[in-house]
Every structure is written in C-alpha cells, then in structure tokens.
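Okay, so here's the structure we're looking at.
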Amino acid sequence: MLQQFYPDYEADSAYGIDYKTLYRKGYRGIIFDIDNTLVPHGAPATPQAIEFFGRLRELGFQTLLLSNNKEPRVKSFADAVGASYIYKAGKPGRDGYLRAMEQMHTTKDTTLFVGDQLFTDVWGAKKCGIVTYLTRPIHPKEEIQIVLKRYLEKIVLFFYHRECRRKGK
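Structure (structure tokens):
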C-alpha cells in the first residue's frame, strides 16, 4: 500500500540530477514543484534557478511549474525562469499533471516530475505513470500543514529505504 507513495528516484537537489543522461534516454518534459524544490518556500527565482532553466532549454527540455499556489506566486517565478506553469493545480489530483503533459506535448513515458513532497508531488505524478524524483527540501521553514505531513513522510521513507536495501538499490 505504501508503494504508491514511493519515489522512483531520490536526489539531494533538483539542481544535481543528471538531466543530460535523462534527455538521451528519451525524456523531453520536466514538471517541477517550486517551493522547497527549487527555492525556499515563497522565495523569488534565484540566479541559480534562472541559469538552470536556461540549461534545460539548451538540452531540449520543455519545462513546466506545477503548483498548488496562487497565480501571482507561480506566474512571477515562471516568468523569471522562462517556464510554463499551472497554478492551483490540485496536487495530488491527476488533472494538473495531465494538463502539464498536454501543454508540453509529452507523454507519461517522456515526462519526469521533480518535487520535495511525497503526498502531493510524488503521489500525484505516480498516479499518472510519470517517473518521479523526490528531492530533499531546500529549507526547514515550512507551513504547518507541510510540517505535519513530513512526519508521515518519514514513516513512508523508512519503509521505502528498507525495501531499496533489500533489493540492493
């Protein structure tokens, strides 16, 4: 039952994933969460984020920001990094992920999702068959509802890591 929340991969940071290899493997679109995945919660786009999205475009990736946040927050970040966006996405519901793939002209087999939360980001993407990367949260300061979910995430990740060890991953 917990497997539905397991990420396909883990990464210390969205910025450290080997996107060049993923592009060679056929991936063409990346859906990103913003807060605590790319920048601390509520922070504007940083020079690092702007440069990062430029490199992704140079590789040939389509990028889209999928956020449950309101449009002003998501649009300003998307404009700064040059990505498409969907706000009030309703994660972990499937609709936002499906719309994202439609906007990028990708399929579940050519799309990746990168985010920092199991119960919204990863679960929603997995329900659509999208390969998921779970990143470590950038900053410990989070809204109370997220802090509470982090305790449950620790339990799920304990079993995930135990299964990974058992399989020799």
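Following the working numbering, the residues of the sequence shown are numbered contiguously, the last one being 452.
Idealized CB from N, CA, C, for every residue including glycine.
No experiment lies behind these values; they were computed from the predicted model shown.
Coarse secondary structure for Tyr-298, derived from DSSP in three states = Locating residue 298 in the sequence shown gives position 15, counting from the first residue. In the structure shown, Tyr-298 sits in a helix (DSSP, three-state: H, G or I).
Counted within 10 angstroms of its Cβ, other Cβ atoms place Pro-355 as buried (16 or more) or exposed = Position 72 of the sequence shown, counted from the first residue, corresponds to residue 355. Pro-355 is exposed by the Cβ-count criterion.
Given a threshold of 16 other Cβ atoms within 10 Å of its Cβ, counted over all protein chains shown, does Glu-436 qualify as buried or as exposed?
-> The sequence position of residue 436 within the sequence shown is 153, counting from 1. Burial call: buried.
Nearest residue (CA-CA) to Thr-320, options Leu-417, Glu-446, Leu-440, Leu-381 = The residue labelled residue 320 in the question sits at position 37 within the sequence shown. Comparing alpha-carbon positions, the option among Leu-417, Glu-446, Leu-440, Leu-381 lying closest to Thr-320 turns out to be Leu-417.
Alpha carbon to alpha carbon, what distance is there between Phe-360 and Pro-327?
-> Locating residue 327 in the sequence shown gives position 44, where the first residue counts as 1. Locating residue 360 in the sequence shown gives position 77, where the first residue counts as 1. So the alpha carbons of these two residues sit roughly 6 Å apart.
For Asp-378: DSSP bridge partner residues = In the sequence shown, counting from the first residue as 1, residue 378 sits at position 95. In DSSP, Asp-378 forms no bridge with anything.
Could you work out which residue in Gly-398, Ile-413, Gln-286, Gln-287 is closest to Met-384 when comparing CA atoms only?
-> The residue given as residue 384 occupies position 101 in the sequence shown. Of Gly-398, Ile-413, Gln-286, Gln-287, the residue nearest in Cα terms is Ile-413.
Which residues share a DSSP beta bridge with Leu-349?
-> The residue given as residue 349 occupies position 66 in the sequence shown. Bridge partners of Leu-349: Ile-369.
As assigned by DSSP and simplified to three states, the class of Gly-312 | As a position in the sequence shown, residue 312 is number 29, starting the count at 1. In the three-state reduction of the DSSP assignment, Gly-312 falls in the strand class.
Does the beta-carbon distance from Leu-285 to Ile-314 come in below 7 Å?
-> The count along the sequence shown starts at 1 and reaches residue 285 at position 2. The count along the sequence shown starts at 1 and reaches residue 314 at position 31. Cβ atoms of Leu-285 and Ile-314: not closer than 7 Å.
Helix or strand or just coil, what does DSSP make of Leu-342?
-> Counted from its first residue, the sequence shown places residue 342 at position 59. DSSP places Leu-342 in helix when its eight states are reduced to three.
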